Every structure is written in structure tokens, then in C-alpha cells.
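Data block below; observations after.
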Amino acid sequence: MFDVICRNCGEPWENDTLHEVAEELGTTYAAMARAFSNKGCGAFSGSSYAAAPCAADSKAAARGMLADLLGEDMDGYAAMLDDAEYMRLI
Numbered sequence: 032m033f034d035v036i037c038r039n040c041g042e043p044w045e046n047d048t049l050h051e052v053a054e055e056l057g058t059t060y061a062a063m064a065r066a067f068s069n070k071g072c073g074a075f076s077g078s079s080y081a082a083a084p085c086a087a088d089s090k091a092a093a094r095g096m097l098a099d100l101l102g103e104d105m106d107g108y109a110a111m112l113d114d115a116e117y118m119r120l121i
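For the sequence shown, the numbering used here gives the first residue as 32, with consecutive numbering after it.
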């Protein structure tokens, strides 16, 4: 399974985590994907996956642009991140 990467800090999360957090918070996967796309790890606030505030890393801007480009398409985002990592782009 592919990981989705926080646009702010670079923390990898399994895409399935978005489903789990959505269920835990009583929302939909689509809403969770939208929140993760916009907020990164901050989207998990209020869940058992909530982490310490994330700090930006040097490649976050590239991941952020990719997230903006793909929007709520978490599968596409994860696949593109995997390809970019393989090519050592981000």
C-alpha cells in the first residue's frame, strides 16, 4: 500500500489511516482526504492519530504543490509521491 505524505513535515501515513480517522471522527473519507490535503498531519486533530505539531522540511513545498495539483485524489497523490521518491525528486 502506498503512503500519503504530510505536505508540511513529510511524515508518511498509510492511506488507510485516512479511512480509520474518518470513521473515528464520524466523517467521510472524502472529507478526511480534503482535510489532509489542506492541513497535512493537522487533519488528525481530535483523533487517536493526532501528533505533535509538524514542522516544515526542505521538500515540503514540492509535496504541497503536488497535493494542490491532485486535490482529493489520495491514491494518485500516494502513487505520484512513490514515483517521485523513486526518482529522488522529493
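For each residue, glycine too, the CB sits at the ideal point set by N, CA and C. Bear in mind the structure is a predicted one, so any value in this text is a computation, not a measurement.
Integer Cβ distance of residue i from residue j, believed to fall under 8 angstroms
i     : j     : result
Cys40 : Ala92 : Not a contact, Cβ separation roughly 12 angstroms.
Ala98 : Phe33 : Wrong, their Cβ atoms sit about 14 angstroms apart, outside the cutoff.
According to DSSP, residues forming a beta bridge with residue i
i     : result
Glu45 : Asp34
Terminal residues of the alpha helix (DSSP H) in which residue i lies
i     : result
Asn69 : Tyr60 to Lys70
Proximity below 9 angstroms, CB of residue i to CB of residue j
i      : j     : result
Met105 : Ser78 : no
Arg119 : Cys37 : no
Val52  : Ala82 : no
Tyr80  : Val35 : no
Residue i (DSSP reduced to helix, strand or coil)
i      : result
Asp114 : helix
Arg94  : helix
Gly73  : helix
Glu54  : helix
Ala81  : coil
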